[in-house]
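Step one of this worksheet: look at the structure below.
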Amino acid sequence: RAIFGAVTSRQRELVARLAARLGVGLAADCVALAMNGDTLVATRPVYAGKLIARVTWAKGPWVATLRPNVFRPAEAQPGKTAAVERPAVSLPPAVMKFVERREEVSTGLPELTEAEIVISGGRGMKGPENYVILEDMGRVIGAAVGASRAAVDAGWRPHRFQIGQTGRTISPKLYLGFGVSGAIQHLAGMRTSKIIVAVNKDAEAPIFKIADYGIVADLFEVVPELTKEFKKLLEK
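Note that my numbering gives residue 181 to position 191 of the sequence shown, counting from 1, and the numbers run on in steps of one.
Structure follows, in structure tokens:
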């Protein structure tokens, strides 16, 4: 009766194709689902996160993609079992040709969409070499490190680290943005974070409008001091 997928580049495409094949609507990038009688109601941001829309389906099945960390993990119920069906699928031979395999270099930090704490660097980082200070902080507090589209477009970080409408969608417990101005497309990918902290020299930066805590200062002075304080607190 329902088909749900995650907000990843692969599942976005797959679930959209399934909805088209079934002739039903798709609710994409949902941040909440709820039943209203016999009808499922999906809540999703629209206009780059400026508005919230609630949508329903004219007919089933219900098809939607969900942002990460939308639901808390269900509590285990010992003794209960669920039936799992594994249909036999016959696929035609692959039409792709394997050319080369390249392994991504691991940063040793948590995966961006799964981390409870995410640190993001924007154009204010001034260059790729400066992301090391964010990675140092990430190792101290167990955070993932991402980037804004401006930083990715500048070639400072690979696209897999991009947070925003055309990158990864995150919803961590804590988001720390350094040198991130807060473009609409970036906010669309992180505005559901539980707590948002922003550090920027520009007091008029849009990110301060949604931040729970804001610091108007030079990030290159703030980051090392914050890292030191985090170390002290975690050593106690």
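Where a beta carbon is used, it is the ideal one built from N, C-alpha and C, also for glycine.
Buried versus exposed call for residue i [16 or more other C-beta atoms within 10 Å across all chains shown]
i      : result
Phe198 : buried
His176 : buried
Asn59  : buried
Asp19  : buried
Ala32  : buried
Pro238 : Only positions -9 to 226 of the chain appear in this structure, which leaves residue 238 out of reach.
Phe168 : buried
Met25  : exposed
Val189 : buried
Gln67  : exposed
Gly114 : buried
Ser171 : buried
Thr29  : exposed
Pro35  : buried
Gly179 : buried
Ile153 : buried
Gly13  : exposed
Thr55  : buried
Distance CB(residue i)-CB(residue j) smaller than 8 Å
i      : j      : result
Ile205 : Leu166 : no
Arg139 : Pro51  : no
Leu99  : Val74  : no
Val53  : Val5   : yes
Leu224 : Val130 : yes
Leu102 : Phe61  : no
Thr159 : Arg57  : yes
One or two residues paired with residue i in a DSSP bridge
i       : result
Arg0    : Bridge partners of Arg0: none, in fact.
Ala9    : DSSP output for Ala9 lists no bridge partner at all.
Val108  : Ala134, Tyr165
Phe(-6) : Ala54
| Where in the region 126 to 210 do unbroken runs of the alpha helix (DSSP H), each at least 4 residues long, occur, reported from the N-terminal end onward? | As far as the region 126 to 210 is concerned, its whole alpha helix (DSSP H) runs of at least 4 residues are 139 to 143, 174 to 177.
| field | Whole beta strand (DSSP E) elements within the region 12 to 50, 3-residue minimum | value | With a minimum length of 3 residues, the continuous beta strand (DSSP E) runs that stay inside the region 12 to 50 are 17 to 20, 22 to 26, 29 to 36, 41 to 45.
| Uninterrupted beta strand (DSSP E) stretches inside the region 50 to 99 (no shorter than 3 residues) | Counting only runs of 3 or more, we get 52 to 56.
| request: Kindly confirm or deny that the region 70 to 82 and the region 36 to 47 touch, where touching means at least three C-beta pairs closer than 8 Å. | output: No contact exists between the region 70 to 82 and the region 36 to 47.
| Do three or more CB pairs link the region 109 to 128 to the region 211 to 222 at distances below 8 Å? | With the cut-off at 8 Å, the region 109 to 128 and the region 211 to 222 touch.
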